[in-house]
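Line order of the protein sequences matches chains D and Y.
So that you can map any letter, position 53 of the first sequence is 53 in our numbering, and since no number is skipped, the others follow by simple counting.
So that you can map any letter, position 260 of the second sequence is 1260 in our numbering, and since no number is skipped, the others follow by simple counting.
One structure is given below, encoded as structure tokens.
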Amino acid sequence: MKLKKNIATSETGFIFNPATGDSFTANALATEILQLLKQDRSPADIKTLLLNRYDVEPNQLEKDWDDLVAQLRDHQLLD
Amino acid sequence: MKQRYERPLIKKLSAGPLNKFGARTETQPVPDIDGAPVKDLLGEFGSPLFVLSERQLRRNYQQAVRAFRTRYPRVQFAWSYKTNYLNAVCRVFHQEGAWAEVVSGFEYEKALLNGVPGPQIIFNGPSKSRAELERACALDSVIHLDHFDELYELLDVAATLPRRPRVAVRVNLDAGVYPQWDRFGFNLENGQAWNAIGRIVGSGRLELVGLHCHLGTYLLSTKPYGVAAQKLADLAWSCRTQLNTPIQYLDLGGGFPSTNTLKGAYLPGTDTAPGIDEFAEVIADTLQRAGFRQDELPLLVLEAGRLLVDDAGYLLGTVLATKRLADGRRATILDFGVNVLFTSFWYDHKISPAGDFSQHTEDTVLYGPLCMNIDVLRESVNLPLLSRGDQVVVHKVGAYNMTQWMQFITLRPAVVLLDEQGRPHRIRQAETLDYLQQLEEMPTHLSPSAPGTSPTAGGRPSQATTRP
Ligand SMILES: Cc1ncc(COP(=O)(O)O)c(C=O)c1O
């Protein structure tokens, strides 16, 4: 899973897609995940990190991860 | 210690016109009701759970009485049982001084069991059996007549009684409310009401003590009440001058709005509903100018329902699941549905998370737990990012839910009253399967012991016998 190269993300959660002109806001966790994806970390890697850091059950994270991927795909932010 | 989790969300920023009222989100968390933590209430009594605030019930009642008594010398409220006839709720209002207004035989018995003396029960509605009429006569309640068939039945009952039963005439009239509730009572403008009054007085068997009208429910204008008060006062005046029958009370019914938001309304109810003082002003002012001498002003009876109880009721519940719909919209499934929250058919109920949340919100449709397509609590509402297990509070649910709720697919939940110190008292247990089955009966040929009913006896083997 890869973010499109030209997508700009800021630490405050602002996302801009220069190809379409669309902009987005992300909450803290989505922002963090996008940053990690940009560093080319694998989904499995990121999930392990998040499970250690946040008070969340693996099932819940798994479900929310899939939902985030669907959102990214909907907004055409994935390669 | 791990950090608090909020599921990841990405929201497209639209360059469309901004809502003129700014972002109206309903995201203030509501962690407690009258100081009782939502978490503890759900933990102790189960989810979902109706909660009523005794403090708010009393405050509403006192405020409504004050609104009228400061403007008119003789005022009596009668608690509209069908709005919420949980006995604890009724008793709070009776303690405050309310009579009872009932519309069925069982409501009538409930009022008696709640200690209301017969003469303080107003028996309304289009359906009173002969036995119920006889009982109401024996206990000297006031029977509000709805139609001629009932009037003749009562005349028949009265023929055998030593004392004249007390009656009032329910009148329907044109007060500019549409649709006009002309199915109840006798129409004023076409002469039906006057005709009924003539029969009553002419019979000599009934004592006409009151005139009644109830214009509708959730009326957002004060004007119809002025029109209705004027027309009833004129009618009372005619009774006195033409039939030598002074009317003891005028009953203007209920219909005063709570601050809920009607479905499809442009503005929230808190911004649009006139306060009870404004209604009181119009009614009292009209009656004061109607020509009665100060010492012969009729008693003003009011049957406010939802106004007194709606905002004292809360429904607490829990998120069962969230999902995304085919078109990308978020859906949240709650553990209570339209079977329990009947008023979600009329209102866009305000709903708040009980826990803390970040400032991020999303639009979501709120579904109940029923496997039925109609089970939609809110078509679209902006809420923080709820997840399975999160607790929510629905506001202003005290009126008509705890009477019109249905046992359908799920059982009805418990109801708790928070006393004036905020201490919880369960006033109705959650229903159980046993309770549900109590009234069912089984024909003997379908009983387990009947021949041929054993699953193994017939041609169809049960699962139990085919499994190894
Ligand atoms: C005769 C009568 N009185 C009082 C009420 C209470 O109405 P509301 O809750 O609108 O005040 C009703 C409700 O329909 C009614 O029919």
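We put the CB at the ideal spot given by N, CA and C, even for glycine.
Check L1206 of chain Y in the structure and name its three-state DSSP category. coil
Looking at the unbroken alpha helix (DSSP H) that takes in F1106 of chain Y, where does it start and where does it end? 1105-1113
Contact test: E1150 of chain Y Cβ vs ligand 1 heavy atom, cutoff 6 angstroms: no
Let me know if A1023 of chain Y comes out buried or exposed under the rule of 16 or more other beta-carbons within 10 Å of its beta-carbon. Here A1023 of chain Y scores only 48 on pLDDT, less than 50, and its place in the model is too uncertain to base an answer on.
For E1420 of chain Y, tell me which candidate among Y:K1002, Y:R1007, Y:E1054, Y:L1013 has the shortest Cα-Cα distance. Y:E1054
Cβ of R1024 of chain Y within 7 angstroms of any chain D Cβ: Note on R1024 of chain Y: pLDDT 49, under 50, position unreliable in the model; the coordinate value appears next. Chain D contact via Cβ: absent.
Proximal residues, the stretch 1348-1378 of chain Y versus chain D, C-beta separation under 7 angstroms: S1358, H1360
For ligand 1, is there any heavy atom lying closer than 6 angstroms to the beta carbon of T1217 of chain Y? yes
Please determine if the stretch 1261-1278 of chain Y and the stretch 1232-1252 of chain Y are in contact, where contact requires at least 3 C-beta pairs separated by less than 8 angstroms. no
Keeping to the same chain, check which residues put their C-beta closer than 6 angstroms to that of A8 of chain D; ignore five residues upstream and five downstream. F16
Below 6 angstroms, is the gap between the Cβ of E1440 of chain Y and the nearest heavy atom of ligand 1? no
Can you list, in chain order, the residues of its chain with a C-beta nearer than 7 angstroms to that of F1021 of chain Y? Leave out the 5 residues immediately preceding and following it. Note on F1021 of chain Y: pLDDT 44, under 50, position unreliable in the model; the coordinate value appears next. Around F1021 of chain Y: no qualifying Cβ.
Whose C-alpha, out of Y:D1434, Y:M1442, Y:S1387, Y:A1414, is nearest the C-alpha of K63 of chain D? Y:S1387
Chain-ordered residues of the stretch 1307-1331 of chain Y with a beta carbon less than 7 angstroms from chain D: R1324, G1328
How big is the Cα-Cα spacing for R1412 of chain Y and S42 of chain D? 48 angstroms
Residues of the stretch 9-28 of chain D with Cβ closer than 8 angstroms to any Cβ of chain Y, in chain order: I15, D22, S23, F24, T25, A26, N27, A28
Residue range of the unbroken beta strand (DSSP E) whose run includes P1353 of chain Y: 1351-1353
Verify the CB distance criterion: does Q71 of chain D have a CB-CB separation below 7 angstroms to chain Y? yes
CB contact check: L78 of chain D to chain Y, cutoff 7 angstroms: no
Using the Cα positions of A1078 of chain Y and K1323 of chain Y, report the straight-line distance between them to the nearest angstrom. 46 angstroms
Spatial neighbours of L1287 of chain Y within its chain, please: CB distance less than 8 angstroms, with the 5 preceding and 5 following residues excluded, ordered by chain position. Y1072, A1229, A1233, L1250, L1297, P1298, L1300
So for T1466 of chain Y, helix, strand or coil by DSSP? Legend: pLDDT at T1466 of chain Y = 45, less than 50; position of this residue unreliable, value from coordinates given subsequently. Of the three classes helix, strand and coil, the one that applies to T1466 of chain Y here is helix, per DSSP.
Can you check which of these residues, Y:R1164, Y:D1156, Y:S1127, is closest to L1139 of chain Y by C-alpha distance? Y:R1164
Is there a Cβ of chain Y sitting closer than 7 angstroms to that of K4 of chain D, yes or no? no
Name the one or two DSSP bridge partners that T1432 of chain Y has. Answer is none; T1432 of chain Y lacks a bridge partner.
Following a CB-centred definition, is G1043 of chain Y positioned closer than 6 angstroms to any heavy atom of ligand 1? no
What I want to know is whether the C-beta of H1214 of chain Y ends up closer than 6 angstroms to one or more non-hydrogen atoms of ligand 1. yes
Along the stretch 1376-1402 of chain Y, what residues have a CB closer than 8 angstroms to any CB found in chain D? L1385, S1387, R1388
Checking contacts by CB at 7 angstroms: is D106 of chain D closer than that to chain Y? A question about residue 106 of chain D goes unanswered here, because the residues of chain D that appear run from 1 up to 79.
For the stretch 29-42 of chain D, list every residue whose C-beta sits within 9 angstroms of some C-beta in chain Y, in sequence order. L29, A30, T31, E32, I33, L34
The stretch 1323-1332 of chain Y / the stretch 1089-1107 of chain Y touching (three or more Cβ pairs under 8 angstroms): no
Residue closest to T25 of chain D, alpha-carbon to alpha-carbon, out of D:L3, D:T12, D:N59: D:T12
Around the Cβ of C1213 of chain Y, are there at least 16 other Cβ atoms within 10 angstroms (buried) or fewer (exposed)? buried
Nearest-angstrom beta carbon gap, A1430 of chain Y and A1450 of chain Y [assumed within contact, 8 angstroms]: 33 angstroms between Cβ atoms; not a contact.
Under the assumption that P1369 of chain Y contacts L1308 of chain Y (Cβ atoms under 8 angstroms), give the Cβ distance between them as a whole number of angstroms. The Cβ separation is near 30 angstroms, so there is no contact.
Taking its Cβ as the centre, do 16 or more other Cβ atoms sit within 10 Å of P1224 of chain Y, making it buried, or is it exposed? buried
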